[in-house]
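These notes are about the structure you will find just below.
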Ligand SMILES: C[S@@+](CC[C@H](N)C(=O)[O-])C[C@H]1O[C@@H](n2cnc3c(N)ncnc32)[C@H](O)[C@@H]1O
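Residue numbers (the numbering used here): -17 to 166.
Here is the structure:
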């Protein structure tokens, strides 16, 4: 079995997200994480997805329609997610930081808004909630966002959050890094 950041994140979501859950996909992209969250949360759940690119919103809505799934897909920055839900009401927040596969390579997530969004997501999580981040870097994206996000999660209060930031020790290239944050 090929293990990678996506399989680790999806395994964690499958273990954590129960029917009726309220979930956020902070970076909708092509909608694959949104679709998984919809399947796990089921008809009784609620999934909100954000992306700043109209192309991503269209691709996500198309995927959901093809799969018979429903989510609220917003053309908005994830930095604004706290406008959509009350504090401590969310079970799971997922980030896939990087650029839209096959999309405009000049548009990718940025350190400042990603950190703002991570903090907003942590405030929205209910105790026991999970945030999963797949952290892409390298190439045109550089390493600024990766370094800023990793430095930021190290500062989270250990009495309120458990943070696991992983790295692939024997993989070549620049494999994305998985980061998991539990709100205690
Ligand atoms: C790596 S892709 C996401 C892939 C997606 N999870 C999937 O399953 O296809 C990253 C996405 O983040 C989006 N993005 C960049 N900045 C954003 C922001 N401030 N708020 C929300 N989405 C953003 C990009 O437009 C891109 O579609």
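Yeah, the Cβ is synthetic: ideal placement off N, Cα and C, and Gly gets one too.
Are the beta-carbon atoms of residue i and residue j separated by less than 7 angstroms?
{"i": "residue 54", "j": "residue 30", "result": "yes"}
{"i": "residue 73", "j": "residue 111", "result": "yes"}
{"i": "residue 19", "j": "residue 7", "result": "yes"}
{"i": "residue 129", "j": "residue 144", "result": "no"}
{"i": "residue 126", "j": "residue 93", "result": "yes"}
{"i": "residue 134", "j": "residue 97", "result": "yes"}
{"i": "residue 78", "j": "residue 23", "result": "no"}
{"i": "residue 140", "j": "residue -13", "result": "no"}
{"i": "residue 17", "j": "residue 51", "result": "yes"}
{"i": "residue 12", "j": "residue -16", "result": "no"}
So is residue i in contact with chain C if we call contact Cβ pairs under 7 angstroms?
{"i": "residue 86", "result": "Given the protein chain composition of this structure (a single chain), no chain C is represented."}
With DSSP as the reference, label residue i as helix, strand or coil.
{"i": "residue 144", "result": "strand"}
{"i": "residue 149", "result": "coil"}
{"i": "residue 49", "result": "helix"}
{"i": "residue 57", "result": "strand"}
{"i": "residue -9", "result": "helix"}
{"i": "residue 39", "result": "helix"}
Taking 5 angstroms as the limit, tell me which residues put their C-beta closer than that to any heavy atom of ligand 3, in chain order. With respect to ligand 3, the structure offers nothing, as its ligand set consists of ligand 1.
Run through the stretch 6 to 30 for me and flag every whole alpha helix (DSSP H) of 4 or more residues, listed as ranges in chain order. Restricted to the stretch 6 to 30, the alpha helix (DSSP H) segments that are unbroken, complete and at least 4 residues in length are 14 to 23, listed in chain order.
At 3 residues or longer, and completely inside the stretch 74 to 130: list those beta strand (DSSP E) runs for me, N to C. Fully enclosed beta strand (DSSP E) runs of 3 or longer: 107 to 117.
Any contact of the stretch 32 to 45 with the stretch -5 to 9, i.e. 3+ C-beta pairs under 8 angstroms? Enough Cβ pairs lie closer than 8 angstroms, so yes.
On the three-pair Cβ rule with 8 angstroms, is the stretch 97 to 108 touching the stretch 57 to 74? With the cut-off at 8 angstroms, the stretch 97 to 108 and the stretch 57 to 74 touch.
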